[in-house]
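Protein chains in written order, with the UniProt record's numbering: chain V, 1 to 298; chain L, 1 to 298.
Next comes the structure, spelled out in C-alpha cells:
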C-alpha cells in the first residue's frame with residue numbers, strides 16, 4: 001500500500017477541500033486545539049493563535065504551563081476568552097519501588113492543583129508502561145488502580161477529574177498499560193464519575209472491534225474526546241505518526257457518533273504529533289485544523 | 001526507560017544463561033523454528049540447521065517454498081525428519097473490488113494446496129489491512145469473514161486448517177484488520193474447528209487485558225502458538241521489532257500456561273523478525289533459540 005501523506009490543504013481521501021470556517025462559525029463551538037499540535041509555539045503564542053482563529057478552547061501541557069507560571073497561564077487563557085479543555089498529563093504510576101510510587105503520587109497531586117488553577121476539570125492520565133526489565137503487566141495495572149484509588153478523592157476535592165487514557169497497545173510496554181476503553185472504564189468504575197473518567201482518543205482506540213459497545217458503556221465517564229488520524233506507514237518514531245484528520249484511515253464521524261450517543265457534549269480536542277505538521281506555519285495549521293474538523297469530524 | 005537490547009547470549013532480564021540443550025532433549029520436543037528467524041538461509045540450509053540442532057519442526061514461508069518447488073520442499077523436509085508446523089501465509093482478503101477479491105480467493109486456494117502438499121495442516125492467515133484510502137474497518141472485516149466462509153470448505157477438503165492470526169493493532173491499517181483473539185475466535189466460530197482455527201502469537205496479543213479469557217475460550221480452535229518478545233523502543237521499521245524471548249517484556253510462561261490450559265499440545269514456533277538476529281550467525285541463533293525456549297517458554 002502506498003503511504004498516506006500529510007498535506008495541509010487537501011485531505012488524502014477523495015473529499016473536496018472546504019472553505020476555512022470563520023471565527024464565530026457555530027460548527028467550531030466545541031473545537032479545542034491541543035497545544036502540542038503547534039509544538040513550536042510558546043504558550044502566549046499558542047493562546048493568541050487560538051484567539052485569532054476563533055478556536056474557543058485549548059488543551060494545555062504541564063511543562064510549558066509551569067515554565068510560564070501556572071497563575072500567569074491561567075490569567076493569559078482567561079483574558080483571551082478561551083476554555084481549557086484539558087491539562088496533559090498526569091500519570092506514570094507504575095513504579096515498582098515504594099519511593100518511585102510515592103513520588104508519582106505527589107507529582108500527580110501537583111498536576112491536580114495545576115489543573116484546578118487553570119480552570120479545567122480534566123487531567124489527562126497517561127498511566128505509564130512497564131518498569132525496565134519487567135514482564136509483570138498485571139502487576140503494573142494493579143499499581144495504577146491503587147494509585148487512582150489514592151488520587152481520586154484528592155482530585156474530586158479540587159474539582160478535577162482524572163481522565164484515564166487508554167493508549168494504543170503499541171505503547172503498552174513503554175507508556176501506558178491501559179490499552180482499551182473497556183479496561184479504562186473498569187478501572188474508573190469503583191470511583192464517582194465526577195472523580196475518574198476516561199479519554200477517547202481516536203488514534204488510540206480506532207482499531208478496537210469492541211469500541212462501539214465500550215464507548216456506549218463509558219457514558220458519563222467520557223471526560224475528553226481527542227482526534228487525530230492513523231497514517232501508514234508508521235514513521236521511524238512511532239510517537240510522531242499522528243496525522244491530520246482526513247489524511248489516514250480513521251472514520252471520525254463513526255467514532256463521533258458513538259461519543260455523541262454516549263452523551264458527551266464537551267470539547268473535541270485536536271492533538272497531532274507529526275513532524276510535518278510541526279514544521280508548518282502555525283497559522284496554516286490552525287486553518288487546516290478548522291477545515292478538517294468541519295469536513296471530517298463535525 | 002532504557003531500550004531493550006538484543007544479545008544472543010544473555011537475556012536482558014536478570015536470569016542466568018543456561019547450557020544449550022542437546023539434540024534429543026525432551027524439552028525441545030515441541031520446538032519449531034520459523035524459517036523467517038534465519039531469514040538469510042535458503043530452504044535447504046534452514047532445514048539442515050534444524051536437523052543439525054535437534055529442532056524437530058519448522059515453520060515455512062510460501063515464497064522460498066515455491067521458489068524451491070513445493071514437491072521438492074516437501075521431500076526435503078520429510079527426508080530431514082522434520083515436521084512442518086505451519087505454512088505462512090495466506091490471507092490479504094480485504095480488496096474492495098470484485099477482481100481483487102477473486103484473485104485473493106484463488107491465491108489462498110493455491111496456498112491451501114501447498115500446505116497440504118507440504119504435510120502441514122496449518123495455513124497461517126494474515127487477513128489484510130484497509131485498502132488505500134479506505135476508512136471502512138467494519139467493511140474490511142466483513143469481507144474477510146466472507147472470504148473465510150468461501151475458503152473453509154476448500155481447506156477442510158484438503159485437510160488444511162485456516163489459522164486466523166490476530167495481528168497487533170499497530171498493523172490494523174496496513175496488514176491485518178483482525179486485532180484480538182476474541183475477534184478471531186468469533187470469526188472462526190461459524191466453521192468447524194477442524195477447518196478454521198486461530199493463531200496465538202505472543203507478540204501480537206500479549207498486551208490484551210482479556211487475553212487469558214480469550215485464549216481459554218479459543219480452546220480447540222488454537223491452531224498455532226508462536227513466540228517472540230516485545231522490545232522497546234520500537235525500531236524504525238515496526239515490522240522488525242520482534243525480539244528473542246527474554247530480551248523484552250512478555251511473560252511467556254504466563255501465556256504458555258493459558259495456551260496449555262486451553263488444551264493446545266502442538267508445536268511452539270519461534271518466529272523473530274529482527275535485523276540483529278538476521279545479521280547473526282544462524283548456528284548461534286539456533287543455539288540461542290533453544291536456550292531461550294527452554295529458559296523462558298518451556
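Just so it is clear, CB atoms sit at the ideal spot from N, CA and C, and this is done for glycine as well.
Under the three-state reduction of DSSP, residue 269(L) is assigned to strand. Under the three-state reduction of DSSP output, residue 160(V) falls in the coil class, being neither helix nor strand. With a cutoff of 8 Å on beta-carbon distance, residue 214(V) and residue 177(V) are scored as not near each other. Per DSSP, the beta-bridge partners of residue 224(L) are 199(L).
Of all residues in the segment 224 to 253 of chain L, only 230, 232, 233, 234, 236, 238, 249, 250, 251 place a beta-carbon less than 7 Å from a beta-carbon of chain V.
Any Cβ of chain L closer than 8 Å to the Cβ of residue 50(V) would place that residue at the interface, and such an atom is absent.
Beta-bridge analysis with DSSP links residue 61(V) to 88(V). For residue 285(V), not one C-beta of chain L is nearer than 8 Å to its own C-beta.
Burial state of residue 246(L) is buried, judged by a 10 Å Cβ sphere holding 16 or more other Cβ atoms. Straight across, the Cα-Cα distance linking residue 151(V) with residue 96(L) is about 49 Å. Contact annotation: residue 219(L) and residue 262(L) have beta-carbon atoms nearer than 8 Å.
The beta carbons of residue 32(V) and residue 296(V) sit no closer together than 8 Å. For residue 173(L) and residue 129(L), the gap between their C-alpha atoms comes out near 5 Å. Residues of the same chain with a CB within less than 7 Å of the CB of residue 203(L), apart from the 5 flanking positions on each side, are 168, 228, 230, 242 in chain order.
Contact note: residue 170(V) reaches chain L through 168, 169, 170, 234, 238, using a C-beta cutoff of 8 Å and chain order. Shown in chain order are the members of the segment 173 to 186 of chain V whose Cβ falls below 7 Å from a Cβ of chain L: 173, 174, 179, 180, 183. Three or more Cβ pairs closer than 8 Å define a contact, and the segment 77 to 94 of chain L meets that threshold against the segment 54 to 67 of chain L. Look at the beta carbons and you see the segment 189 to 198 of chain V not touching the segment 231 to 239 of chain V: under three pairs across the two are nearer than 8 Å. With a cutoff of 8 Å on beta-carbon distance, residue 260(L) and residue 135(V) are scored as not near each other.
Proximity of chain L to residue 207(V) at the Cβ level (cut-off 7 Å) is accounted for by 169, 172, 179, in chain order. When secondary structure is reduced to three states using DSSP, residue 295(L) falls in the helix class. Around the Cβ of residue 271(L), a 10 Å sphere holds 16 or more other Cβ atoms; the residue is buried. Under the 8 Å criterion on CB atoms, residue 118(L) is classed as non-interfacial with respect to chain V. Shown in chain order are the members of the segment 121 to 149 of chain V whose Cβ falls below 9 Å from a Cβ of chain L: 129, 130, 131, 132, 133, 134, 135, 136, 137, 138, 141. With distances taken between CA atoms, residue 183(L) lies nearest to 211(V) out of 166(V), 211(V), 161(V), 190(V). Residue 160(L) sits close to residue 112(L), with the two beta carbons spaced by under 8 Å.
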